[in-house]
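**Student:** Just so you know, we're using the working numbering here: the sequence shown kicks off at 4 and counts up by one.
Think of the CB as a built atom: it goes at the ideal place given N, C-alpha and C, for glycine as much as any other residue.
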Amino acid sequence: MDSYDVNIERQRTTNQEEMDTLFREYIGQPQNWNRYSYGLNNPLKYVDPNGLSAEENDLEYKRTLLGKTITIKFSPKIDEETRNKILDNIDQSINRINNPLNDQLTEEEKKVITSLNGITVTPDIAWDHTINKVFMIRPQLGLTENNDWLTAAIIHDSYHAYTGSGGVEEEKKASGFAIGPALKIGLSDTTIQNLCADAKFGHKPPSNNPYKLKKKSK
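1. Give me, in chain order, the residues of the same chain whose beta-carbon lies closer than 7 Å to that of leucine 198; leave out the 5 immediate sequence neighbours on both sides.
2. Considering only their Cβ atoms, is the gap separating isoleucine 140 from leucine 69 smaller than 8 Å?
3. Let me know the secondary structure DSSP gives arginine 141 once reduced to three states.
4. If you follow the alpha helix (DSSP H) that leucine 62 is part of, which residue opens it and which one closes it?
5. Determine the direct distance from the alpha carbon of isoleucine 73 to that of glutamate 174, and round the result to whole angstroms.
6. Check whether the segment 82-90 touches the segment 126-135, counting contact only when three or more Cβ pairs, one atom from each stretch, lie closer than 8 Å.
7. Around the C-beta of asparagine 212, are 16 or more other C-beta atoms found within 10 angstroms, so that it is buried, or is it exposed?
8. May I ask you to report which of helix, strand or coil DSSP gives glycine 121?
9. Find out if the Cβ-Cβ distance for the pair glutamine 95, asparagine 150 is shorter than 8 Å.
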């Protein structure tokens with residue numbers, strides 16, 4: 004069996020329109036027929052993680068968070084204009100946390116926040132979450148006009164990066180932790196109130212799998 008054969012992938016779907024689309028996309032890229040090429044013969048732009056199809060590399064940016072270098076990644080599905088807006092928002096949040104006036108942050112608070120290794124922005128998730136010490140966010144959060152909330156979310160999820168655990172009780176603890184730094188950084192009263200409410204009641208994600216996106220109804 005040839006795992007690269009597009010006909011096998013076509014047979015795995017019951018949607019005729021999807022089958023035809025898969026076939027058109029496959030034959031429309033000549034490098035798909037070259038069994039000796041990797042990443043469509045452009046490994047600087049594409050990766051082929053499972054040996055079945057080429058994917059564009061994420062775009063990466065390095066930033067410093069409280070003295071630690073972290074990586075900001077963007078899915079290639081996000082256009083340049085949107086990416087720049089989100090990056091500006093993330094930079095603003097990081098700068099607020101890094102502000103020299105924030106010497107009030109305790110060593111323990113700094114330790115928790117710097118446990119975060121990076122932020123990845125992708126439309127391929129159903130909800131924002133942290134995994135392997137990386138804060139995975141949807142473009143919607145990155146584009147929020149309320150930078151206070153994005154900053155609070157980064158601090159909140161740094162706690163998840165630190166503990167490596169989730170669940171309603173852990174959400175309460177994460178928001179409880181975020182209240183201190185949020186007050187010292189000078190986030191809005193509304194943001195503080197939201198963190199206090201979440202620290203008391205907690206919240207749970209809408210599903211167990213953040214990678215299962217709801218299909219849009221036609």
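**Tutor:** Once the coordinates are examined:
1. Ala155, Ser178, Ala181, Ile182, Ala185
2. no
3. coil
4. Counting along the chain, leucine 62 falls outside any alpha helix (DSSP H), though it belongs to the beta strand (DSSP E) covering 62-68.
5. Glutamate 174 and isoleucine 73: Cα-Cα distance of roughly 23 Å.
6. no
7. Asparagine 212 comes out exposed.
8. strand
9. yes
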